[in-house]
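Chains as they are written, first to last, in this note's numbering: chain X, 1 to 210; chain G, 1001 to 1273; chain P, 2001 to 2205.
The beta-carbon is built from N, C-alpha and C at its ideal position, and this holds for glycine as well.
To start, the structure under review is shown below, and the notes come after it.
The following block contains the structure:
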């Protein structure tokens, strides 16, 4: 980045950090600028990377047959129907595009989740314990899986053996969520470190670049 | 007001100041604490290392500026590893704001390892749809990506010769901050049986241990710490490794704050009638 | 409404069926439908940007509180979109420079603020009030210290212990959650395909 670009980036960074003191016009300006620039970038990328190569080019260049043009026009019409949502009168046809889109993603989801998340995970859960001391870990994993599933089974009241299992399941969940929280802290701190690195190194040159 | 009550009532801007100083001081005066490479990062490294020269790798860099602190150093380290191994790299992104980060990552890694676009790697660009793109690769890459990011037809790109689906790809690497990882597991790994490595933000990393156990994912690089470990393994000194001292200090500060908050509450509730 | 439900059912059922049919012509149909979905998704994202424009335009037109900021948003939207469509978005373009000056620092700094808030929230709200909360708190603190360099400095076995926490209790719980999420996703998808779940179509007039 050039000097001017670095200073602009640093100014906007400090505008956002000013929110830590309190809400102020600099922060709100930066926030609104970001929303507009991000939406504009998204539109430009959609146009250059999807609309041009996947919609416009098949209709205007290359080997064009009635079939290829029909196959290129259909998604374009569906896409335009999606945009037609903006007009109340076109709300009905606009739903056809949404229906197509939702149908595709629902159809993909069924075998996808069944294969990868349910069958594969159950298959890995139902396997012989590891030999030696690893058997304790394998037993704990199986215990944890069954007790957490018991906790999430709300069709029966959590009483008796089911209740005890659910209680143990909560302990496993708390350990998992504690691990997730620790890692979440790590993630947030990493984001801050990166911004401070930019300010100290690229803007103020207080730390070396290599 | 007792000392403990005062502690509990501390202005949050003081906490912000501690965190800010805890981040800046180690960056200005680094100590370079040692970093140990953990087994999951080592597994990711070894998976790439085991590929023969000339193998084709699909790298999906599905992230945006909000998570670039963790994933950009990771991307550069992984790309440099692939380039050092003389692997053919096909880069894509499924995030609209991704191209602005993927291009610099490819440029930095390629320049450092003396690699050339179209000959050693290609950037196909962005495509919307996540799952539809991932499944579409099972049939034809060209159907999803008729041209690359620079509008060059794929048939004109030397590295894409003979490569048009998962059947011609040896490894899939997904560096992501979102549920894209779940879909790469569902489709690339489970449906099309491709070897898969994940690089994720630290927030998500703990969610993918079940897939490591079931071998749907062969290696996991999690967060900036994971990126630092990968840089260490590659003998690089990038932004991730530079940030580790600050990471350690801020974590200690937050842990102390949690302990202090609980201790103060414990003391004040004991004293209350 | 009936046409929409018929489209959802046809497309959804077709895609489930095509998963099981290896025939190359069937897979070509599959690939074509997926390409269409990619294009429709792009238009959905474009719709989002247009809705954003409409929201801010209404705010400016009625001069609601904060309307000058809406002018900033709309101006940025128009400039970046126009430049991107005209010049492209690759490295070296004006849009790429705007991305590096504006989008990238703003997005990353917005999220960097969370580090401060998570520290403040951890101090004020993270309390060991019962056994479960204590378990969560202790695990979180062990993770925070054990997974960074200083953890190994304090105790050589720290990284190994935290790795065990991730590989055993965390794995067990996350596996159960993954199975639960999978079951929920499959049942919701089937309800949508069969027309039992219709909320995605909005209210019919």
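Item to check | Residues of the region 1040-1069 of chain G with Cβ closer than 9 angstroms to any Cβ of chain P, in chain order | outcome: Contact residues of the region 1040-1069 of chain G toward chain P are 1040, 1064, 1065, 1066, 1067, 1068 and 1069 (C-beta to C-beta distance below 9 angstroms).
Checklist entry - By the criterion of Cβ-Cβ separation under 8 angstroms, what are the contact partners of residue 1112 (chain G) in chain X? => result What residue 1112 (chain G) touches in chain X: nothing, since even the nearest Cβ is about 12 angstroms away.
Checklist entry - At a cut of 8 angstroms, does the region 1251-1265 of chain G reach the region 181-189 of chain X through at least three beta carbon pairs? => result Touching, per the Cβ criterion.
Item to check | Interface flag, residue 2101 (chain P) vs chain G, CB-CB below 8 angstroms | outcome: It does not: the Cβ of residue 2101 (chain P) has no partner Cβ on chain G nearer than 8 angstroms.
Item to check | Distance between residue 2061 (chain P) and residue 2205 (chain P) (C-alpha atoms, nearest Å) | outcome: In this prediction, residue 2205 (chain P) has a pLDDT of 46, which is less than 50 and means its spatial position is unreliable; what the coordinates show is noted afterwards. One C-alpha to the other measures close to 29 angstroms.
Checklist entry - To which residues does DSSP link residue 1088 (chain G) through a beta bridge? => result Under DSSP, the beta-bridge partners assigned to residue 1088 (chain G) are G:1056.
Next on the checklist: Report the start-end ranges of each alpha helix (DSSP H) in the region 1076-1133 of chain G that is 4 residues or longer and not cut off at the edges.
Outcome noted: Segments of the alpha helix (DSSP H) lying fully in the region 1076-1133 of chain G: 1099-1113.
Next on the checklist: Taking the alpha carbon of residue 1976 (chain P) as the reference point, which residue from X:138, X:191, X:44 and X:12 has its own alpha carbon closest?
Outcome noted: Look at the range of chain P in this structure, 2001 to 2205, and you will see that residue 1976 (chain P) is not part of it.
Checklist entry - CB-CB under 8 angstroms to residue 2021 (chain P), same chain, minus the five flanking residues each way: which ones, in chain order? => result Same-chain partners within the cutoff: 2027.
Checklist entry - On the three-pair Cβ rule with 8 angstroms, is the region 1069-1085 of chain G touching the region 2067-2082 of chain P? => result Taking 8 angstroms as the limit for Cβ pairs, the verdict is that the region 2067-2082 of chain P does not touch the region 1069-1085 of chain G.
Checklist entry - Closest by CA to residue 1223 (chain G), which one among G:1198, G:1213 and G:1210? => result In this structure, G:1198 is the residue among G:1198, G:1213 and G:1210 with its C-alpha nearest to the C-alpha of residue 1223 (chain G).
Next on the checklist: Does chain X have any CB closer than 8 angstroms to the CB of residue 1087 (chain G)?
Outcome noted: The beta carbon of residue 1087 (chain G) does not come within 8 angstroms of any beta carbon belonging to chain X, so the residue lies off that interface.
Item to check | residue 1221 (chain G), enclosing beta strand (DSSP E) - first and last residue | outcome: From DSSP, the beta strand (DSSP E) with residue 1221 (chain G) extends over 1219-1222.
Checklist entry - Going along the chain, which residues of the region 2072-2087 of chain P sit with their C-beta nearer than 8 angstroms to a C-beta in chain G? => result Residues passing the 8 angstroms Cβ filter: none.
Next on the checklist: Tell me which residue opens and which closes the beta strand (DSSP E) that residue 1174 (chain G) is part of.
Outcome noted: First-last of the beta strand (DSSP E) with residue 1174 (chain G): 1171-1176.
Checklist entry - Looking at the C-beta of residue 190 (chain X), does it have a partner C-beta in chain G at a distance below 8 angstroms? => result Interface residue, yes.
Checklist entry - Going by beta carbon distance, what residues of the same chain come within less than 7 angstroms of residue 1019 (chain G), once the five residues before and after it are set aside? => result When the five nearest sequence neighbours on each side are left out, the beta carbons in the same chain lying within less than 7 angstroms of the beta carbon of residue 1019 (chain G) are those of 1250 and 1253, in order along the chain.
Item to check | For residue 100 (chain X), the nearest candidate out of P:2191, P:2010 and P:2194 (CA to CA) | outcome: Taking only the C-alpha atoms, the option nearest residue 100 (chain X) is P:2010.
Checklist entry - Secondary structure at residue 1020 (chain G), three-state DSSP: helix, strand or coil? => result Of the three classes helix, strand and coil, the one that applies to residue 1020 (chain G) here is helix, per DSSP.
Item to check | For residue 1132 (chain G), the nearest candidate out of G:1157, G:1099, G:1184 and G:1149 (CA to CA) | outcome: Relative to the Cα of residue 1132 (chain G), the nearest Cα in the group G:1157, G:1099, G:1184 and G:1149 belongs to G:1184.
Checklist entry - Can a CB atom of chain X be found closer than 8 angstroms to the CB of residue 2170 (chain P)? => result Yes, because at least one Cβ of chain X sits closer than 8 angstroms to the Cβ of residue 2170 (chain P).
Item to check | Where the region 2024-2050 of chain P meets chain X: residues whose CB sits under 9 angstroms from a CB there | outcome: From the region 2024-2050 of chain P, only 2032, 2033, 2034, 2035, 2036, 2037, 2038, 2039, 2040, 2041, 2042, 2043, 2044, 2045, 2046, 2047, 2048, 2049 and 2050 have a Cβ closer than 9 angstroms to chain X.
Checklist entry - Which residues share a DSSP beta bridge with residue 1949 (chain P)? => result In this structure chain P extends from 2001 to 2205, so residue 1949 (chain P) is not present and cannot be described.
Checklist entry - Can you find a C-beta in chain X that's less than 8 angstroms from the C-beta of residue 1241 (chain G)? => result Not one chain X Cβ lies under 8 angstroms of residue 1241 (chain G).
Next on the checklist: Does residue 1995 (chain P) pass the burial test, meaning 16 or more other C-beta atoms within 10 Å, or should it be called exposed?
Outcome noted: Any answer about residue 1995 (chain P) is impossible in this case: the structure gives chain P only from 2001 up to 2205.
Item to check | Residues that residue 1191 (chain G) contacts on chain X, provided the C-beta gap is smaller than 8 angstroms | outcome: Close partners of residue 1191 (chain G) in chain X (Cβ separation under 8 angstroms): 111, 112, 115 and 116.
Next on the checklist: Run through chain P and tell me which residues come within less than 8 angstroms of residue 45 (chain X), C-beta to C-beta.
Outcome noted: Residues of chain P passing the Cβ test: 2084 and 2089.
Item to check | residue 191 (chain X) versus residue 46 (chain X) - alpha carbon distance | outcome: One C-alpha to the other measures close to 27 angstroms.
Item to check | Beta-carbon neighbours of residue 2061 (chain P), restricted to chain X and to distances below 9 angstroms | outcome: Below the 9 angstroms Cβ cutoff, chain X contributes no neighbours of residue 2061 (chain P), its closest Cβ being approximately 16 angstroms away.
Next on the checklist: Tell me which residues share the same chain as residue 1026 (chain G) and place their Cβ nearer than 7 angstroms to its Cβ, disregarding the 5 neighbours each side in the sequence.
Outcome noted: Within the same chain, residue 1026 (chain G) has close Cβ partners 1245, 1246 and 1249.
Checklist entry - Taking the DSSP output, what are the residues bridged to residue 1147 (chain G)? => result In DSSP, residue 1147 (chain G) forms a bridge with G:1153.
Next on the checklist: Can you confirm whether residue 2183 (chain P), when its beta carbon is compared against all beta carbons of chain X, has any partner nearer than 8 angstroms?
Outcome noted: Closer than 8 angstroms to the CB of residue 2183 (chain P) there is at least one CB belonging to chain X.
Next on the checklist: According to DSSP, is residue 1199 (chain G) part of a helix, a strand, or is it coil?
Outcome noted: The three-state secondary structure of residue 1199 (chain G), taken from DSSP, is strand.
Item to check | Neighbour-count burial assignment, residue 22 (chain X), 16 or more Cβ in a 10 Å radius | outcome: That one is exposed.
Next on the checklist: Counting only Cβ-Cβ distances shorter than 8 angstroms, please list the residues of the region 1101-1127 of chain G near chain X, keeping chain order.
Outcome noted: Within the region 1101-1127 of chain G, the residues whose Cβ lies closer than 8 angstroms to some Cβ of chain X are 1125, 1126 and 1127, listed in chain order.
Item to check | residue 2152 (chain P): first and last residue of the uninterrupted alpha helix (DSSP H) it sits in | outcome: Taken as a continuous stretch (DSSP letters only), the alpha helix (DSSP H) holding residue 2152 (chain P) covers 2149-2154.
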